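**Q**
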Amino acid sequence: MQKIKVLSIFGTRPEAIKMAPVIKKLAKDPRFLSKIVVTGQHREMLEQTLAAFELTPDYDLAIMRENQTLSSITSRILEGLEGVFQSEEPDVVLVHGDTTTAVAAALAAFYQQILIGHVEAGLRTGNKNDPFPEEMNRRLIDQLADFLFAPTDQSQANLLKENHPHDRIVVTGNTSIDALYHTLAQKKERKPISEKKILLVTMHRRENIGQPMEQVFRALKRIAIAYPALTIVFPMHKNPRVRRLAQRYLEGQQNIELIEPLDAPAFYQLLAGSYLVLTDSGGIQEEAPSLGIPVLIVRETTERPEGVAAGTLKLIGTNEERVYSEIIHLLSDEAAYKQMAQAKNPYGDGEASERIVAELKSYFE
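When you line the sequence shown up against the working numbering, it's residues 111 to 475, in that order.
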């Protein structure tokens with residue numbers, strides 16, 4: 111029996127983390143021939159994640175350049191994948207989420223009339239410029255995709271509202287929860303970063319770089335001074351502008367730890383030991399609620415409204431006074447903290463990759 115050839119394409123750390131469980135499932139199933147293509151959109155952070163999940167790419171487009179633009183990334187991916195697709199002739203291309211790699215790979219596959227599976231389909235804010243360019247990227251990918259793997263009922267509803275055929279949509283749960291549960295189950299002993307309560311901070315979104323980020327960092331400095339028994343941990347993104355701002359506002363404060371980006375297992379261990387999360391990132395909005403950790407989102411919108419509705423997430427924006435008061439509220443009001451910490455997790459049961467592979471197998475049988 112001829113095997114089903116699947117190419118999984120990604121270029122950033124979050125994509126690698128969330129695609130790893132799917133790739134592992136495909137590799138274990140004799141019906142599939144699974145190959146990995148990386149674009150290298152974020153080189154250093156991607157390499158770290160590939161090593162952590164023991165993934166070896168079959169192709170590396172190595173597109174990363176200094177000061178690269180969205181247009182140059184897109185064109186290099188389109189050109190690079192053309193030869194890969196002609197050589198491999200895959201049955202299906204899998205992409206994840208809303209990166210420039212994902213939209214360019216989907217477009218390249220469409221040009222060669224290859225079936226496309228979109229993992230994490232249907233996320234929406236409703237504003238094409240927020241987040242930019244991710245909101246438009248995911249809308250375009252969903253238009254091109256033949257398999258829409260929606261993580262939640264809400265994301266399925268978004269797709270149906272846009273008139274995507276019901277039979278192309280499968281609600282799977284989120285693969286980030288698969289990766290989280292699998293990694294934490296390994297129980298690798300790591301020395302805790304602090305014996306104190308930890309406020310874990312992640313920020314990198316381009317719309318927050320500049321004044322919004324400065325306001326958040328000023329609030330964090332005030333929190334650190336007001337709560338010396340709290341440790342604030344910020345794994346700094348590789349973006350030089352983010353790092354410069356973090357160092358300017360946060361460096362030198364005794365209970366603020368500015369650290370390098372962590373591999374997925376180390377980050378999950380840090381997350382599991384945290385008391386509270388402040389973030390503008392996407393994946394952690396799913397992961398933290400799965401561990402009963404409240405999340406404050408320093409954005410005006412989120413494509414993950416399920417967590418807001420469930421009470422595990424709270425949108426607070428980037429105003430300095432608002433950020434300060436919301437953190438203080440959860441640090442000082444035990445009832446308010448417990449209400450968020452005990453809210454229901456809407457993002458999956460750790461079996462999303464199983465459902466994705468089952469759907470692909472069913473289609474080809």
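Glycine included, each C-beta is placed from N, C-alpha and C at the ideal position.
Model, not experiment: these values are computed from the prediction.
Nearest-angstrom Cα distance between D139 and D277?
**A** Whole-angstrom Cα-Cα distance: 24 Å.
**Q** Report the rounded CA-to-CA distance for K271 versus D252, giving the unit in angstroms.
**A** The alpha-carbon atoms of K271 and D252 are separated by roughly 13 Å.
**Q** How far does the alpha helix (DSSP H) with L270 in it extend, from its first residue to its last?
**A** Counting along the chain, the alpha helix (DSSP H) containing L270 begins and ends at 263 to 271.
**Q** Can you check which of these residues, R432, T411, L406, is closest to L423 by C-alpha distance?
**A** Ranking the options by Cα distance to L423, first place goes to L406.
**Q** Specify the secondary structure class of S118 as computed by DSSP and reduced to three states.
**A** Of the three classes helix, strand and coil, the one that applies to S118 here is strand, per DSSP.
**Q** Counting only runs that start and end within the region 327 to 386, where is the beta strand (DSSP E) found for 3 or more residues in a row?
**A** Those beta strand (DSSP E) runs which fall completely within the region 327 to 386 and span 3+ residues are 340 to 345, 366 to 369.
**Q** Give me the residue from Y447, P345, P124, L290 with the minimum Cα distance to E461.
**A** Of Y447, P345, P124, L290, the residue nearest in Cα terms is L290.
**Q** Give the straight-line distance between the Cα atoms of S268 and P338, rounded to the nearest whole angstrom.
**A** Ser is not the amino acid found at residue 268; the sequence shown has Asn there. Using only the alpha carbons, I get a separation of about 44 Å.
**Q** Helix or strand or just coil, what does DSSP make of K113?
**A** Reduced to three states, the DSSP call for K113 is coil.
**Q** For Y378, count neighbouring C-beta atoms within 10 Å of its own C-beta (all shown protein chains included) and say buried if the count is 16 or more, exposed if not.
**A** Label assigned to Y378: buried.
**Q** With H, G and I counted as helix, E and B as strand and the rest as coil, what does DSSP make of S144?
**A** In the structure shown, S144 sits in a strand (DSSP, three-state: E or B).
**Q** Would you decide whether Y221 is buried or exposed? Buried here means 16 or more other CB atoms lie within 10 Å of its CB.
**A** With fewer than 16 Cβ atoms within 10 Å of its Cβ, Y221 is classed as exposed.
**Q** Excluding the 5 residues flanking T411 on each side, which residues of the same chain have their C-beta closer than 7 Å to its C-beta?
**A** Counting only Cβ-Cβ distances below 7 Å, and skipping sequence neighbours, we find T235, N237, D240.
**Q** Just mark L180 as buried or exposed, buried being the case when its beta carbon has 16 or more other beta carbons within 10 Å.
**A** Counting Cβ neighbours within 10 Å, L180 comes out exposed, since fewer than 16 surround it.
**Q** Please report how far the alpha carbon of P375 lies from the alpha carbon of V387, in whole angstroms.
**A** P375 and V387: Cα-Cα distance of roughly 17 Å.
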